[in-house]
Structures are given as structure tokens and as C-alpha cells.
Amino acid sequence: MAEDPELKKIIPRINELAHKAKLQDLTDKEKEERDQLRKHYLKRFKSNFKSQIEMTQIYDKDGKEVTPEEVKEIQRKKNLRDN
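The sequence shown lines up with residues 1 to 83 when you count with my numbering.
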């Protein structure tokens with residue numbers, strides 16, 4: 001998966017706050033920021049993961065496509081497949 005530039009920007013701050021929390025108590029403002037960043041990270045991560053799964057085609061060892069029909073339907077709706 002290509003790196004998400006938005007996640008790339010917030011991860012260092014999440015890590016900074018996590019490191020600080022191990023050394024000392026965070027202020028209420030920092031706790032609120034940490035919680036918001038975590039929520040945003042998870043939302044973005046899930047969205048990216050879902051998109052990646054929806055674009056995946058699965059083949060068995062004989063080369064026959066065995067992508068689940070539900071995924072195929074999503075791909076059709078997004079014009080990612082012709083059949």
C-alpha cells in the first residue's frame with residue numbers, strides 16, 4: 001500500500017505524545033490531542049485498508065480467479081472491473 005501522506009504527518013506526533021506519557025503525565029490538552037489523533041489515525045487506516053481490499057483480486061493455484069462475489073460487486077460499482 002502506498003504511504004498515506006496524512007498518516008505520515010500525524011504518526012510522529014502520536015509517537016511523541018506516547019513517549020512523553022511514559023515519562024510524565026500529559027496535560028488535559030495533550031490527552032485530548034492524543035485521543036483525537038488516534039481516532040483520526042484509525043479512521044484513516046481503516047479507510048485505506050478497506051480500499052486496498054476492495055481492489056484485490058484473488059487467484060487459486062491454477063490461475064482461476066476466486067475473488068469473493070461481494071468484492072467483485074464492489075469493484076464493478078467502482079468501475080474497477082469489466083466483468
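By construction, the Cβ of each residue, glycine as well, lies at the ideal position given by its N, Cα and C atoms.
Note that the structure is a prediction, hence the values are computed from the model and not measured.
query: Is the number of C-beta pairs between the stretch 36 to 46 and the stretch 5 to 14 that are closer than 8 angstroms three or more?
result: yes
message: According to DSSP, simplified to helix, strand and coil, what is E3?
response: coil
query: Hey, does R34 have any beta-carbon neighbour from chain B nearer than 8 angstroms?
result: Absent from the structure: chain B. Only one protein chain is present.
- request: Please report the residue range of the alpha helix (DSSP H) in which N83 lies.
  value: Careful: N83 lies outside any alpha helix (DSSP H) and carries neither H nor E.
message: So, under 8 angstroms CB-CB, M55 and L80 are touching, yes? Tell me the CB distance rounded to an integer number of Å.
response: 6 angstroms
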